[in-house]
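Protein chains in written order, with this note's numbering: chain V, 101 to 306; chain A, 101 to 306; chain H, 101 to 306.
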């Protein structure tokens with residue numbers, strides 16, 4: 101698809117840097133939820149990763165502003181960068197909620213969501229790596245996978261919230277956990293948004 | 101407007117299938133809220149309709165990937181399909197909230213919202229039918245109508261939530277109903293998002 | 101950048117009208133939060149400003165529909181108009197929440213958010229004024245500023261919500277204030293969305 105524009109691989113490299121950074125954030129979040137030993141430190145590291153994400157996004161936009169011929173439509177490069185940035189923002193927001201709401205321990209459902217988020221980020225990274233490589237079918241398959249992961253996160257979060265309403269009698273605890281589940285679930289929505297951009301880029305250039 | 105591209109009516113047919121499916125979902129939701137006799141069965145049927153929506157969306161994207169000349173810009177076909185899919189997702193999410201929160205009966209405001217959602221979906225269906233038919237003015241009018249319905253849903257949901265805060269002393273019940281109203285109201289937001297895409301498509305091709 | 105298309109300044113004028121109107125709304129909101137003397141009247145005035153915003157948006161879309169050559173891509177004019185409209189909608193939604201939840205007094209954090217919202221709207225207005233004027237660098241700088249203001253609003257709102265969970269024992273009060281903070285914070289998100297469109301327009305036309 102983009103085979104006839106060999107140069108300016110730099111954008112693809114920057115996108116790869118971005119998704120590698122996202123994976124790092126997702127691993128830190130999963131570890132924070134699984135072990136919950138030093139949540140403050142985990143959150144601080146995730147915040148650093150989020151700042152790094154901001155710099156890469158900024159670099160992409162600066163580069164876009166200086167590049168005459170781009171390997172994808174300018175607006176698609178822009179949209180993809182924004183959507184990838186949203187993923188790391190939500191990973192950070194999830195970690196923040198856990199700290200801010202001062203929870204004692206992590207529920208099994210929150211751990212499951214941490215796992216699904218990492219799977220989803222790994223799939224986003226794979227799909228991004230295939231941009232510019234005539235691998236439309238694989239990108240589509242990865243988008244289907246990201247969609248399925250989002251559905252699964254939705255199901256887990258819905259069941260967790262359902263259980264919360266059955267079991268939690270303290271409304272303030274209920275509010276806290278409901279929002280933690282929703283923020284974690286929204287992270288997979290953001291992966292799906294990125295997948296949608298990837299899908300539309302592939303469709304447009306098919 | 102698109103009169104000079106007579107073939108590939110298939111996309112318009114698929115969009116029509118999509119909006120017919122949305123109408124079916126909206127009717128099931130309205131009926132569920134109005135009668136509330138067998139909410140579990142209603143919710144199951146809505147879930148089936150939502151799955152059918154996913155298949156049609158998938159078919160549109162597959163077709164997009166295989167079609168060289170499209171009757172609208174590729175990215176607009178893609179966006180419209182996504183936004184229509186969001187409508188049926190929110191109809192499903194609304195039904196799910198009602199089941200998940202295990203409510204005893206349906207408030208008048210929720211019934212009103214069910215009615216407005218159906219009206220809005222009917223208008224989306226009409227506007228979609230007019231795509232490719234040189235009927236820009238009618239599409240604009242329908243978009244204005246969809247906007248007005250969204251404003252009305254917003255007003256009803258705001259008043260319902262206001263009443264909730266005045267009357268409901270149990271915070272957990274309050275949280276449940278607040279979210280049911282908000283999810284119903286968001287369904288009309290999604291109709292408005294679809295109308296915005298329709299409007300921008302018409303503007304772009306004017 | 102757009103220097104070679106001198107006519108049809110009318111769109112830029114309409115965008116200016118739009119941002120002037122947004123500033124008026126933001127000033128009314130800030131004043132409402134700072135003084136809280138006649139909140140009902142403030143809210144009524146903000147609602148009028150919001151209606152005026154709707155008319156300007158409508159005028160832009162009508163004009164778009166009748167104009168053959170536009171100074172920016174049709175879809176960008178459309179998106180920018182929509183995003184600017186979202187800002188005033190959220191200013192209105194914030195004022196509505198304050199009235200609807202019948203609060204007694206305004207917290208310092210809500211006042212800070214009112215201040216940040218006004219700053220952010222002023223920056224959006226400046227950036228919009230520079231469209232079509234070969235001032236890409238300044239537009240980028242203003243977008244960075246709008247981003248920084250959104251981060252600051254996010255921090256203030258997060259700390260306010262954190263304090264709420266520490267101090268507020270009445271869950272219903274907590275729900276009210278949490279939503280007021282979130283709605284105020286979302287207003288700055290909408291400014292950032294508008295900045296993102298501006299940035300992508302500049303990038304696309306660079």
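Glycine included, C-beta positions come from ideal geometry on N, C-alpha and C.
- Not flagged as an interface residue toward chain A: residue 121 of chain H, since no C-beta distance is shorter than 8 Å.
- Residue 297 of chain H and residue 156 of chain H have their C-alpha atoms roughly 18 Å apart.
- Each of H:244, H:260, H:302 and H:248 was checked against the Cα of residue 233 of chain H, and the nearest Cα belongs to H:302.
- What residue 138 of chain V touches in chain A, judged by beta-carbon distance under 9 Å, is nothing: the nearest beta carbon there is about 32 Å away.
- Cβ-Cβ distances below 7 Å link residue 139 of chain H to 132, 198 and 199 in the same chain, with the five nearest sequence neighbours on each side left out; the list follows chain order.
- Among the residues of chain H, those whose CB is under 9 Å from the CB of residue 196 of chain V are 258, following chain order.
- A Cβ of chain A is located within less than 8 Å of the beta carbon of residue 304 of chain V.
- Residue range 271-304 is occupied by the alpha helix (DSSP H) that includes residue 281 of chain H.
- Under the DSSP assignment, residue 178 of chain V falls in the alpha helix (DSSP H) whose first and last residues are 174-200.
- Taken atom to atom, the span from the alpha-carbon of residue 212 of chain H to that of residue 195 of chain V is near 25 Å.
- With contacts defined by Cβ atoms closer than 8 Å, residue 183 of chain V and residue 293 of chain V form a contacting pair.
- For the set A:119, A:158, A:110 and A:117, the Cα lying nearest the Cα of residue 247 of chain V is the one of A:158.
- Segment contact: the region 110-121 of chain H against the region 199-210 of chain H, fewer than three CB-CB distances shorter than 8 Å; contact not assigned.
- For residue 240 of chain A and residue 188 of chain A, the gap between their C-alpha atoms comes out near 22 Å.
- Taking 8 Å as the threshold, the shortest C-beta distance from residue 300 of chain V to chain A falls below it.
- The criterion of a C-beta distance shorter than 8 Å is not satisfied by residue 278 of chain H and residue 215 of chain H.
- Residue 274 of chain A belongs to the set of residues whose beta carbon lies under 8 Å from a beta carbon in chain H.
- Judged by DSSP secondary structure, residue 237 of chain H falls within the alpha helix (DSSP H) whose first and last residues are 236-267.
- The DSSP-derived three-state label of residue 165 of chain V is helix.
- Scanning chain V for C-beta atoms nearer than 7 Å to the C-beta of residue 174 of chain A yields 303 and 304, reported in chain order.
- Residue 212 of chain H: member of the alpha helix (DSSP H) spanning 208-229, first to last residue.
- With a threshold of 16 other beta carbon atoms within 10 Å, residue 162 of chain H falls short and is exposed.
- Following the DSSP letters along the chain, one finds residue 125 of chain V inside the alpha helix (DSSP H) bounded by residues 110-135.
- By alpha-carbon distance to residue 245 of chain A, the top candidate from A:237, A:220, A:260 and A:266 is A:220.
- Under the three-state reduction of DSSP output, residue 153 of chain H falls in the helix class.
- The beta carbon of residue 262 of chain V falls within 8 Å of a beta carbon belonging to chain A, placing the residue at that interface.
- In the three-state DSSP reduction, residue 233 of chain V falls in the coil class, being neither helix nor strand.
- Residue 226 of chain H is not a Cβ neighbour of residue 249 of chain H, given a cutoff of 8 Å.
- Cβ contact annotation for residue 252 of chain H (same chain, cutoff 7 Å, sequence separation greater than five): 216, in chain order.
- A straight line joining the alpha-carbon of residue 269 of chain H with that of residue 283 of chain H spans about 22 Å.
- Contacts with chain A at 8 Å (Cβ-Cβ) include residue 271 of chain H.
- In the three-state reduction of the DSSP assignment, residue 171 of chain A falls in the coil class, being assigned neither a helical nor a strand state.
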